[in-house]
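Enquirer: Before I ask anything, let me first share the structure, which is written out below as structure tokens.
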Amino acid sequence: RSAGRGHPDDGFVFFEQPFHVPDPLELREELAFALDDVLSTRILPRLPRPAVVNLIRSPGYVPTKYLSELECRVLDALSDVYGVGVVSHERRVDVSRTGCERAFEYAVVG
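The working numbering puts the sequence shown at residues 213 to 322.
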């Protein structure tokens with residue numbers, strides 16, 4: 213990219229990442245399509261209920277300001293389809309960091 217172009221986060225978080233960083237409204241629209249229109253209604257209902265789903269929080273890959281919305285929307289989608297009961301995590305994970313509105317039960321493992 214040439215100087216002065218791109219998203220403000222590019223130089224700080226995404227130095228070598230070649231993907232698009234959406235603005236907040238665009239992110240919400242992309243999540244609604246990917247999670248609500250495709251994953252939750254077309255893909256997940258056709259699959260057997262999984263025993264375990266891994267979510268990986270990666271602030272080096274996702275801008276920190278979008279981490280909460282992404283993580284909470286994915287947990288919401290999984291809960292809507294499968295009824296998520298407990299979100300297990302390692303002790304080093306700060307589960308309150310994203311502050312999801314929906315109340316999930318959290319359990320420390322390992």
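For glycine and all other residues, C-beta sits at the position ideal for the given N, C-alpha and C. Computed from a prediction, not measured in an experiment: that's the story for all the values here.
Counting pairs of beta carbons, one from the stretch 259 to 268 and one from the stretch 302 to 312, are three or more of them closer than 8 Å?
Expert: Output reads no: the stretch 302 to 312 does not touch the stretch 259 to 268.
Enquirer: Of the choices Val298, Val321, Tyr278, whose alpha-carbon is the least far from that of Ala315?
Expert: Here the question's residue 315 lines up with position 103 in the sequence shown. Cα-wise, what sits closest to Ala315 is Val298.
Enquirer: Among the residues of its own chain, which have a CB less than 8 Å from the CB of Ala215, if the five just before and after it don't count?
Expert: In the sequence shown, the residue the question calls residue 215 occupies position 3. At Ala215, the pLDDT of 46 sits below 50, so the modelled position is not reliable and the matter cannot be decided from this model.
Enquirer: Check each candidate in Tyr318, Tyr294, Pro234, Ser252 and name the one with the smallest Cα separation from Glu302.
Expert: Sequence index remark: in the sequence shown, residue 302 carries index 90 (1-based). Among Tyr318, Tyr294, Pro234, Ser252, the Cα nearest to that of Glu302 is on Tyr318.
Enquirer: Ignore the nearest five residues each way along the sequence and tell me which others in Leu287's own chain have a CB closer than 8 Å to its CB.
Expert: Locating residue 287 in the sequence shown gives position 75, counting from the first residue. Within the same chain, Leu287 has close Cβ partners Leu267, Val296, Val299, Cys312, Arg314, Phe316.
Enquirer: Compute the Euclidean distance between the alpha carbons of Val233 and Pro275, then round it to the nearest angstrom.
Expert: Position 21 of the sequence shown, counted from the start, is the residue given in the question as residue 233. Position 63 of the sequence shown, counted from the start, is the residue given in the question as residue 275. Each residue's alpha carbon lies about 8 Å from the other.
Enquirer: Is the Cβ-Cβ distance between Leu282 and Leu243 less than 9 Å?
Expert: As a working mapping, residue 282 is identified with position 70 in the sequence shown. As a working mapping, residue 243 is identified with position 31 in the sequence shown. Result yes, Cβ atoms of Leu282 and Leu243 sit closer than 9 Å.
Enquirer: First and last residue of the beta strand (DSSP E) that includes Glu325?
Expert: Residue 325 lies beyond the stretch modelled for the chain, which goes from 213 to 322, so this question has no answer here.
Enquirer: Ala244: beta carbon under 8 Å from a heavy atom of the ligand SAH?
Expert: The ligand SAH is absent from the structure shown, which contains no ligand whatsoever.
Enquirer: Once the 5 residues before and after Val321 are set aside, which same chain residues still bring their CB inside 8 Å of it?
Expert: Start at 1 with the first residue of the sequence shown, and residue 321 comes out as number 109. Cβ neighbours of Val321 beyond the five flanking positions: Ser300, His301, Glu302.
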